Amino acid sequence: MAYEFVASRLNSDAYSVLRAVEMDIGSGWRINLDNTSSVYQQPMSGHYFQVAVDGKWFYSRSLWDGQIPSTGGNDIGQENISLVEQNSKPTLVYSNKFMKQGREIQVILAEDISRIDESLSQLGWLLAGLGTVGLMVLLALQIFIIRRGLCSLVDVKKDILRLKSGDVRQLSSTNTAEIEPLVTEINYLVQNMELRLQRSRNAVGNLAHAAKTPLTVIDRHVDVLLEEGIEQGQGIQEQSTRLREMIERELTRARIAGAALPGQRIYIGEELEKLTRTLKAIYREKALVFKLDISAKSYFPGERDDLVELMGNLLDNASKWAESEIRIKAHMDDHCLELVVEDDGPGIPSDARERLLNRGERLDESTTGHGLGMSIITEIVRQYQGKLMLDSSQRLGGLQVQVILPRRVDLELPD
Numbered sequence: 006m007a008y009e010f011v012a013s014r015l016n017s018d019a020y021s022v023l024r025a026v027e028m029d030i031g032s033g034w035r036i037n038l039d040n041t042s043s044v045y046q047q048p049m050s051g052h053y054f055q056v057a058v059d060g061k062w063f064y065s066r067s068l069w070d071g072q073i074p075s076t077g078g079n080d081i082g083q084e085n086i087s088l089v090e091q092n093s094k095p096t097l098v099y100s101n102k103f104m105k106q107g108r109e110i111q112v113i114l115a116e117d118i119s120r121i122d123e124s125l126s127q128l129g130w131l132l133a134g135l136g137t138v139g140l141m142v143l144l145a146l147q148i149f150i151i152r153r154g155l156c157s158l159v160d161v162k163k164d165i166l167r168l169k170s171g172d173v174r175q176l177s178s179t180n181t182a183e184i185e186p187l188v189t190e191i192n193y194l195v196q197n198m199e200l201r202l203q204r205s206r207n208a209v210g211n212l213a214h215a216a217k218t219p220l221t222v223i224d225r226h227v228d229v230l231l232e233e234g235i236e237q238g239q240g241i242q243e244q245s246t247r248l249r250e251m252i253e254r255e256l257t258r259a260r261i262a263g264a265a266l267p268g269q270r271i272y273i274g275e276e277l278e279k280l281t282r283t284l285k286a287i288y289r290e291k292a293l294v295f296k297l298d299i300s301a302k303s304y305f306p307g308e309r310d311d312l313v314e315l316m317g318n319l320l321d322n323a324s325k326w327a328e329s330e331i332r333i334k335a336h337m338d339d340h341c342l343e344l345v346v347e348d349d350g351p352g353i354p355s356d357a358r359e360r361l362l363n364r365g366e367r368l369d370e371s372t373t374g375h376g377l378g379m380s381i382i383t384e385i386v387r388q389y390q391g392k393l394m395l396d397s398s399q400r401l402g403g404l405q406v407q408v409i410l411p412r413r414v415d416l417e418l419p420d
């Protein structure tokens, strides 16, 4: 584009130079340099011309003692434009032939385009620099936008962790339109999970009530049979008792919620104090002493009902076998919750401990009572992806039950 502009200007200058070519009657053909542009008057100005008429050459003052490199002949009216080197500089040469006063006149003009190349090069560098700056600005803007969006995600992540730990009941709203629908859906999911769990527990409670009514009727009929001395009544009573225990065990297992729903945090110390007060009243004749070692930050990573079910069974069995003292320890670190229950009772032989962990066994096998047994305890521990270990208490001499539950548990939704 720049070269085309120079060629157009050289074409215009060619006609100006042609007009400066004059025929003098006394001396013949000559060039009136006063009629040419001043740029052709300054030596080495970068603008040159030379004219040939009747075999005679005329040169601009700017050429000094040089010549424009030949670019070959051309016909009259036929322009010839080429790029050559003049004084080691790129030069655009324009050549054309004209007829004037019956004579053929060749006009050759040249222009140093090195400064144009330099300007184009500088313009290229300038555009490259501006492009680089623009790209950096766009990149910085993009990074800012991404970081702003990620900051909102970081806030959401923190809220989710607080929701998981029970510090909040739902996620806070954000100022980011793209993320707000996600927050809304998570809050809806939490509410839906709570409703599903509540419906499941209500259904289990209704089933328990419905199942106990016919069993009570059966028990009354069995009592009548036994009063009348009918021997079959004893067998029916045994099967009825077994059926009642099975139903109670399975219903209790169904009530186990598993992992805590988001937004819930059950502190162990408060619940254990309630349980120990109840057990002291139940086993008043033993005058049991409960010693609690509960760290302040210890909380149960699940539902309150599950904690009461787990610790209630463990403490009830410990109370039945203990002589006078029961120790309870609860400690939580960054990874898990450790629960330890020890008593000063007779303990359990090592070969019998494995049997107690089998399905259907219970700690109070030979003691009267309505404990749900080790199957419920092991089921709760399994639901919470934990570990259950039985050992001898080094301090009290009786049984030591250790339960380890992970601090974070994958939630299992009820069907």
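If you want the numbering used here, it's the position in the sequence shown, counting the first as 1, plus 5. Beta carbons: idealized from backbone N, C-alpha and C, even for Gly. The structure displayed is predicted, hence computed values, not measured ones.
Residue i, DSSP secondary structure in three states
{"i": "Met379", "result": "helix"}
{"i": "Asn318", "result": "helix"}
{"i": "Gly403", "result": "coil"}
{"i": "Asp348", "result": "strand"}
{"i": "Met104", "result": "strand"}
{"i": "Met49", "result": "coil"}
{"i": "Ile191", "result": "helix"}
{"i": "Gly307", "result": "strand"}
{"i": "Tyr389", "result": "coil"}
{"i": "Glu84", "result": "coil"}
{"i": "Ala292", "result": "coil"}
{"i": "Glu9", "result": "helix"}
{"i": "Ile409", "result": "strand"}
{"i": "Glu185", "result": "helix"}
{"i": "Thr41", "result": "coil"}
Buried or exposed by the 16-neighbour rule on C-beta atoms within 10 Å, applied to residue i
{"i": "Asn40", "result": "exposed"}
{"i": "Ile148", "result": "exposed"}
{"i": "Gln388", "result": "buried"}
{"i": "Asp298", "result": "exposed"}
{"i": "Phe305", "result": "buried"}
{"i": "Gly136", "result": "exposed"}
{"i": "Ile30", "result": "exposed"}
{"i": "Leu401", "result": "buried"}
{"i": "Arg332", "result": "buried"}
{"i": "Tyr193", "result": "exposed"}
{"i": "Thr221", "result": "exposed"}
{"i": "Asp339", "result": "exposed"}
{"i": "Met316", "result": "buried"}
{"i": "Asn425", "result": "Absent from the model: residue 425. The displayed extent of the chain is 6 to 420, so no value can be given."}
{"i": "Ser67", "result": "buried"}
{"i": "Asp164", "result": "buried"}
{"i": "Met379", "result": "buried"}
{"i": "Leu280", "result": "buried"}
{"i": "Gln55", "result": "buried"}
Continuous beta strand (DSSP E) stretch holding residue i: start and end
{"i": "Ile36", "result": "33 to 36"}
{"i": "Ala301", "result": "Note, Ala301: premise wrong, no beta strand (DSSP E); not H, not E."}
{"i": "Leu393", "result": "392 to 397"}
{"i": "Glu116", "result": "108 to 117"}
{"i": "Asp29", "result": "26 to 29"}
{"i": "Ala57", "result": "52 to 58"}
{"i": "Lys61", "result": "61 to 64"}
Terminal residues of the alpha helix (DSSP H) in which residue i lies
{"i": "Leu284", "result": "273 to 287"}
{"i": "Ala327", "result": "Run containing Ala327: none; DSSP gives neither H nor E here."}
{"i": "Ser177", "result": "That residue, Ser177, is in no alpha helix (DSSP H); it is neither H nor E in DSSP."}
{"i": "Leu361", "result": "355 to 361"}
Cα-Cα separation, residue i to residue j
{"i": "Tyr45", "j": "Gly82", "result": "23 Å"}
{"i": "Asp80", "j": "Gly51", "result": "26 Å"}
{"i": "Ala12", "j": "Val58", "result": "23 Å"}
{"i": "Lys325", "j": "Cys156", "result": "56 Å"}
{"i": "Glu90", "j": "Ile151", "result": "54 Å"}
{"i": "Leu23", "j": "Pro95", "result": "25 Å"}
{"i": "Thr283", "j": "Thr179", "result": "46 Å"}
{"i": "Gly274", "j": "Gly234", "result": "52 Å"}
{"i": "Ala182", "j": "Leu146", "result": "18 Å"}
{"i": "Ser355", "j": "Leu361", "result": "10 Å"}
{"i": "Met337", "j": "Gly154", "result": "35 Å"}
{"i": "Arg204", "j": "Leu212", "result": "12 Å"}
{"i": "Phe10", "j": "Gly33", "result": "35 Å"}
{"i": "Gln72", "j": "Met141", "result": "50 Å"}
{"i": "Gln405", "j": "Asp321", "result": "14 Å"}
{"i": "Glu278", "j": "Arg309", "result": "14 Å"}
{"i": "Glu328", "j": "Lys291", "result": "7 Å"}
{"i": "Ile118", "j": "Leu97", "result": "7 Å"}
{"i": "Arg167", "j": "Lys392", "result": "26 Å"}
{"i": "Lys217", "j": "Asp228", "result": "16 Å"}
{"i": "Asp396", "j": "Glu359", "result": "10 Å"}
Chain D within 8 Å of residue i, Cβ atoms only
{"i": "Ser398", "result": "Checking the listed chains, one finds no chain D in this structure; it contains a single protein chain."}
Residue i beta carbon near the ligand MN (any heavy atom closer than 7 Å)
{"i": "Ile30", "result": "The ligand MN is absent from the structure shown, which contains no ligands of any kind."}
- What residue ranges within the stretch 201 to 255 form continuous beta strand (DSSP E) runs of no fewer than 3 residues, ordered along the chain? none
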